[in-house]
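Protein chains in written order, with the working numbering: chain V, 39 to 196; chain P, 39 to 196.
C-beta atoms are modelled at their ideal positions from N, C-alpha and C, and glycine is treated no differently.
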DNA sequence: CTATTCAGGACATTTAGTATCCAGGATATG
DNA sequence: CATATCCTGGATACTAAATGTCCTGAATAG
C-alpha cells in the first residue's frame, strides 16, 4: 500500500483541527518532515476525490471539503491508492480445461469470490471509521493535541 | 498482492483432487499455462511453509502436506506474500511535535490502529476459509471438475 | 549410471512507488 | 499593474519490488 495513505490520514486529522483556514502543502509537509512536492501530489489526489478543497495564490492552501465525520478511511485509501483490490484475479481459469472464453471469471471463479469476500470485510471496516473518529480518539488520549497542532502550524515560518 | 497467490490457491485446489500422488511443477504449470520456473518458486515457498511436501527425483513432485480442510487461504497468502500487512506504519508521528523517540507508534498511533483493525478483519475472513471449502464449492458448481482435472493431469505428456 | 525432479542462487526484465523539477495559471497584496 | 505566493499537472529520474529465466547441485527411481 502507498505510503501516501498514511500521510493523507494524518494530514486530514490535522486539517480537522484547523477548520476554515487553508493550510499550504509546505506547512503540512513540515509538520511531519515529509517531502513537500510529493505530499502535494497526494493532496491533489484528495482534492480530485472531493475530500479536500484547494485554493490557489497567497493565503491559499488545502482544507477539508466536508465534515470529517463524513470522510471515511476508505475514502482516503481509494483516493490515494486507487479503487483496485489487492488481489487481482488474472482469470487463469481461462487457460484451463473446458474454459468459457467469454465468461468473466472474476465473477465466476470461486477463488476470486473468496478473496473478494475478504476484501469486502476489509473495506467495510475502513468505511465504518471516519477522520472524526480518529481525531476524537486522539483527543481522548492526549487532549492537548489539537491545540499543539494549531500553535505549531501558526509558528511555522511562511 | 503477488500474483503467485492466485496460482498457489488454484494449484492447491487441484492437488486436493489428486491425493497421494505427487504432481510435478511442470504439470501444475501446464494446467493453467503458467511459467514453470516461476511457479516452481511459489511451490517452494508453500513447501517451506509446510503447506506442501515435495519429493525429488523421477516420480517426484508436490502434494498437500495436510488435510485441505486444514489449509486456510490466509496460510497461502502469508506463505507467498509474506507476513507483512498492506499498510505499513512508518511512524511519521516521530517527526511531529512532542514525539517520544522511544515510543512504538505502530502500537500507539490511532491511524495505525484503525488500519490494523481493518487488516485483522481481512485476515479473519481469509483464515475462516479453507482450500477444502473452495474445492467443495467448485464441486457443487461443476461436479465434473475433479474428474476433469484428474484426467487432464493424467494425459499431460511427461 | 542416467534421466528426472526439486532446491535455490544469480541474474535480467518489467512495473510500481518514490521523489524532484519546472512551466503555467490563479489570486492576494501593494 | 506588478509581484510574490501557491496550486496544477506534466516530464523526468531514481529506487524497490514483482516477474521471469537460467544454471548448478542434490535427491532418487529405474
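Check	Outcome
Count the CB pairs spanning the stretch 171–182 of chain V and the stretch 145–153 of chain P that are closer than 8 Å, and state whether there are at least three.	yes
When the Cα atoms are used, what is the spatial distance from residue 104(V) to residue 165(P)?	37 Å
Sorted by chain position, which residues of the same chain lie with C-beta nearer than 8 Å to residue 98(P)'s C-beta, five sequence neighbours on each side aside?	60, 62 and 92
Give me the residue from 101(V), 178(V) and 65(V) with the minimum Cα distance to residue 56(V).	101(V)
Under the DSSP definition of a beta bridge, which residues are partnered with residue 61(V)?	100(V)
Applying a beta-carbon distance threshold of less than 7 Å, which residues of chain P neighbour residue 76(V)?	Residues of chain P passing the Cβ test: none, with the nearest at roughly 13 Å.
Within the continuous alpha helix (DSSP H) that includes residue 110(V), where are the two ends?	It is not in any alpha helix (DSSP H) - residue 110(V) carries neither H nor E in the DSSP assignment.
Closer than 7 Å by C-beta to residue 74(P): which residues in its own chain qualify, once you throw out the five before and the five after it? Chain order, please.	63, 64 and 67
Taking any Cβ of chain V, which residues in the stretch 67–94 of chain P have a Cβ under 9 Å from it, in chain order?	69, 70, 71 and 72
Return the Cβ separation of residue 176(P) and residue 51(P) in integer angstroms, given the expectation that the two are a contact with Cβ distance under 8 Å.	7 Å
Can you check whether the CB of residue 117(V) is closer than 9 Å to the CB of residue 83(V)?	yes
Between 94(P), 121(P), 155(P) and 88(P), which has its C-alpha nearest residue 106(P)'s C-alpha?	88(P)
Closer than 7 Å by beta-carbon distance: list the chain P residues that pair up with residue 156(V), in chain order.	160, 163 and 164
Within 10 angstroms of its Cβ, does residue 182(V) collect 16 or more other Cβ (buried), or is it exposed?	exposed
Taking the DSSP output, what are the residues bridged to residue 93(P)?	99(P)
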